[in-house]
Amino acid sequence: MSTTTTRGVAEATVAETSKSRPRRGLRSNATLNFWLFTGPFLIGLVIFVFVPIGWSIWLSFFDARYTVTPSHFIGFDNYKQILTNSNFPDSLLTFTVFAAFIVPTTWALSLGLALLVNQLRFMRAFFRSVFFLPTAVSYVAAALIWKMSIFSGVRFGLMNTVLGWFGVDNIAYLANPSPPWYWLVIVSLRLWIQAGFYMILFLAALQNIPAELYEAAEIDGAKRGWQTFRYITLPQLRATSTAVVLLLLVAAYQAFDEFFNIIGTKATWAQTPLMELYKAALGTSQDYGAGSAGAVILSLLICIVTLAQGRIMGFGRGEESK
Amino acid sequence: MSAMSNSNWSRRSIFRAAAGMAAAGTLAACGGNNGRGGSSGSGKNLVQYFHAYGEAGTEQAIKRYAKAYTKANVTTNWITGNNFEAKLFSSLLTKQAPDVFEFHPQLQLVKSGQVADLSDIIDPVKDDFNPADIKSHTVDGKIYGIRMIDDPQFFYYRKSMLEKAKVEVPTTLDELLEAAAKLTTSKVKGAYLGNDFTAVQNPIIWSAGADTIDANNQIAYHTDGVVEGLKKLRQLFTSGHVLLDAPTDFWDPSSLNQGLCAIQWGGMWSMPAMQQALGDDLGIFPFPSIGSKGKQSVYNGGWSMFVNAKGDNVEAAKAYVKWLWIDQKKYQEDWATSYGFHIPPRTPIAAGATKLKSGLPAEGVKLFTDYGHFDNIAYDQTMQTAFADVIANSIRKNGNPEAALDACDKKVNVELKKLFG
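Taken in order, these protein sequences are the chains called A and B. Per this note's numbering, the very first residue in the first sequence carries number 60; after that it's consecutive. Per this note's numbering, the very first residue in the second sequence carries number 961; after that it's consecutive.
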């Protein structure tokens, strides 16, 4: 919405000024304009993205402890170490379990919220804002609230207080990994923060479905509720669903903040790939070589998964393939 | 809106303004908080890094000492949060690296040429220092850091609670398990060893009669005694008699002060705050012995000052470190005893520290002397992290301690090979 407004204004300004100064309009030199507008962004991209990626690939073949300008070439030793003598492979498994659970759950919850909010006849804006608000909370702040007040292990933690009313003993949600209550803490936090944002995406898509489709279906005898949802709403949401699943998957890959703050690095479970890499490269062992090797492996995996997902779900294909 | 359509605004001036703003923003971002206080003051500018001590007044104290130094302009970065190491290490690789920083002695820092040799400033007063503190900072005859404070860690307990439950002060791990069971009520847990039990990862080794690594730099922690200790602590962990997931960790006195537990592992730094909250209802004891070969132990941790050998101002930094941590005895005593309690590593200062002369602080000093084990400079962070995994896998998770120790051996041996070839 805001983009359209700005574009309108910009075009108006351009039109106006080019009338007053016809000799050398900016429009005349497309190449210059291209570099003018993309240049700053490209420079940033090169300095902050491409150079670090290249650097990290280079580091992964060196004995880079306590330095980012190493000189001792060791070939694939870092890769061997991170794959055989570390917790990195386990963390990939942890992540897969986490993603397999959180992606469908968040998808379903945000779609459910969107359907509910969409049904509202009044106070829709209010509920939309209420569900969206958690998106504005930082993962770190939320993690501390979850850890220290809601799921604190002491008798006056919120959950333990509630359970206490029913005579249930205090539970150490985070210290004790069996049963794995820590997943409850992490998943509930992530749902709370994420669901509102994806709800907004679904809500926008829901409001874009033409009402005629429902009318036509009703005339054809489709029952309201499950039938229209299954055969009209869901197919119409396909593009949005695909985008949401992709975004959720990327977000799950990047999971770090809440794991780092809730589980910490002194555990051997629920360590995401990024946490393992953080420990290897930026923790006290400062092994930038091994850390970079892990980062390269992770990047390759993300590429493969994204491509595969694009294949399966048809993301990025033309409109006609829907 | 009106400004945009107003033709007084030429496109070029808008672009210029925008570019200027962007440039200013970038510069401001680059300037960041590197702790360098600009060009004010005379002489060199030095930056020092400290982790955030929990006790009130510590930050002001460090800044007050730095301000009293006239030969350089010293700025302090007081680093909050629980990842001081990560922030320190990553900044050491950059231009914004501190000239002076506090840390623990670690061989890797020496081998990589990160910390400067301080022998020339320490040697004249070497005999002043606790020999163990010199030894733990010495590599091939050179001394790489100045110990500021020694921090023994031991158990604190509420005398009244033990009396009420008719429990003696435990001297063996079995007794500790029993005591924890008897002391646990509906409101109070028997013991607190920190939220993840890694605070006692070294004392477990020492109390079982083993060591981290031996004089020949070989693994010395993998013994039957340590395995027994891990099994017993697993029993304690699952017994329901320990406090878990407390809002504050072992280094904070709150859990004991607020009556959440009867026994808490902690550092000597917490003593003033505990005495203030609990008065005389407070005692201390070392980590109990494990098995037949075991003996009680105390972990003598602490913090030391290092000079960044790769910095631009090595000589100025050394001069500052010498001034504050060798010459200024008043400040050293103030730092060790006015906030949390720490033991001054220099014997004359320790001997003159009246606050540590009597009562519970004196008992703390006695535990430090009688049962204390110091850091081994060669047992570095990678190895400690590997052993922390043993704690996680065999105490908090129901893993086999032998298997966990085997996995740890593998990682430690890789590291030992890197360090010693």
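For glycine and all other residues, C-beta sits at the position ideal for the given N, C-alpha and C. Bear in mind that the values here come from a model prediction, so they are computed numbers and not experimental data.
Ends of the beta strand (DSSP E) at Val1034 (chain B)?
Ala1032 to Ile1039
Quick one: is Ile1022 (chain B) buried, meaning 16 or more other Cβ sit within 10 Å of its Cβ, or exposed?
buried
Using the rule of at least 16 other Cβ atoms within 10 Å of the residue's Cβ for burial, across every protein chain shown, is Ile371 (chain A) buried or exposed?
exposed
Nearest-angstrom beta carbon gap, Ala1346 (chain B) and Cys1368 (chain B) [assumed within contact, 8 Å]
5 Å
May I have the straight-line CA-CA distance separating Asn1353 (chain B) from Leu1376 (chain B), to the nearest angstrom?
22 Å
Taking the Cβ atom as the reference point for each residue, do Gly1251 (chain B) and Ala1141 (chain B) lie within a distance shorter than 7 Å?
no
My understanding is that Ala201 (chain A) touches Ile252 (chain A), with C-beta atoms under 8 Å, so please give their C-beta distance in whole angstroms.
6 Å
Beta-carbon gap between Val1258 (chain B) and Pro1246 (chain B) smaller than 7 Å:
yes
Let me check one thing: in DSSP terms, what residues is Ile1223 (chain B) bridge-paired to?
B:Tyr1117 and B:Ala1151
Can you say whether Asn1186 (chain B) is buried or exposed, counting buried as having 16 or more other CB atoms within 10 angstroms of its CB?
It is worth fixing the name first, because residue 1186 (chain B) is Val in this sequence and not Asn. When all chains shown are included, Val1186 (chain B) counts as buried.
Using a Cβ cut-off of 9 Å, pull out every chain A residue sitting near Lys1158 (chain B), in sequence order please.
The sequence shown places Thr at residue 1158 (chain B), not Lys. Near Thr1158 (chain B) (Cβ distances below 9 Å), the residues of chain A are Lys325.
Neighbourhood of Leu296 (chain A) by C-beta distance below 6 Å, restricted to the same chain and skipping five residues each side
Ala264
If we call anything under 7 Å between Cβ atoms a contact, is Asp1111 (chain B) one with His1302 (chain B)?
yes
Within 10 angstroms of the Cβ of Gly991 (chain B), are there 16 or more other Cβ atoms? Answer buried if so, exposed if not.
For Gly991 (chain B), the predicted model reports a pLDDT of 39, less than 50, meaning its position is unreliable; a value from the coordinates is still stated below. Burial call: exposed.
Could you give the C-beta distance for Ile1309 (chain B) and Lys1289 (chain B), rounded to a whole number, given that I count them as a contact under 8 Å?
6 Å
Expected contact under 8 Å - CB spacing of Asn235 (chain A) and Arg1356 (chain B) to nearest Å
6 Å
Are the C-beta atoms of Lys1377 (chain B) and some chain A residue less than 7 Å apart?
no
Checking contacts by CB at 7 Å: is Pro1112 (chain B) closer than that to chain A?
no
Would you please verify whether the beta carbon of Val58 (chain A) is less than 7 Å from any beta carbon of chain B?
Any question about residue 58 (chain A) goes unanswered here, given that chain A covers just 60 to 381.
Identify which residue in A:Asp316, A:Ala340 and A:Asn177 has its Cα closest to the Cα of Thr292 (chain A).
A:Asn177
With a threshold of 7 Å between beta-carbons, can Leu293 (chain A) be considered close to chain B, or not?
no
In this structure, does DSSP put Thr50 (chain A) in helix, strand or coil?
In the structure as shown, chain A starts at 60 and stops at 381, and residue 50 (chain A) therefore has no counterpart that could be examined.
Is the distance from the Cβ of Ala326 (chain A) to the Cβ of Asp1205 (chain B) below 7 Å?
no
Alpha-carbon to alpha-carbon, Gly1200 (chain B) and Phe1157 (chain B):
14 Å
Using a Cβ cut-off of 7 Å (strictly closer), state whether Lys1055 (chain B) contacts chain A.
no
Within 9 Å of chain B by C-beta, residues of the segment 281-315 of chain A in sequence order
none
Please check if any C-beta of chain B sits within less than 7 Å of the C-beta of Met43 (chain A).
The requested residue 43 (chain A) does not occur in the structure, where chain A is confined to residues 60 to 381.
Less than 7 Å between CB atoms is the rule here; does Asp1205 (chain B) satisfy it with respect to chain A?
yes
Looking only at its own chain, which residues have a Cβ that is under 7 Å from the Cβ of Arg183 (chain A), when we skip the five neighbours before and after it?
Val176
How is the beta strand (DSSP E) around Gly1262 (chain B) delimited, first residue to last?
Val1258 to Val1267
Would you kindly work out how many angstroms separate the C-alpha atoms of Gln266 (chain A) and Gln1020 (chain B), rounded to a whole number?
58 Å
8 Å contact criterion, which Gln1008 (chain B) and Phe1061 (chain B) should meet: CB distance rounded
6 Å
Is it buried or exposed, Ala989 (chain B), if we count other Cβ atoms within 10 angstroms and call 16 or more buried?
Low local confidence applies: a pLDDT of 42 at Ala989 (chain B) is under 50, so the model's placement there is unreliable, and no value is given.
Please report how far the alpha carbon of Leu142 (chain A) lies from the alpha carbon of Leu151 (chain A), in whole angstroms.
11 Å
So, is Ile1244 (chain B) buried or exposed, given that buried needs 16 or more other C-beta atoms within 10 angstroms?
buried
What are the boundary residues of the alpha helix (DSSP H) that includes Tyr1013 (chain B)?
Tyr1013 (chain B) -> no alpha helix (DSSP H), and no H or E assigned at all.
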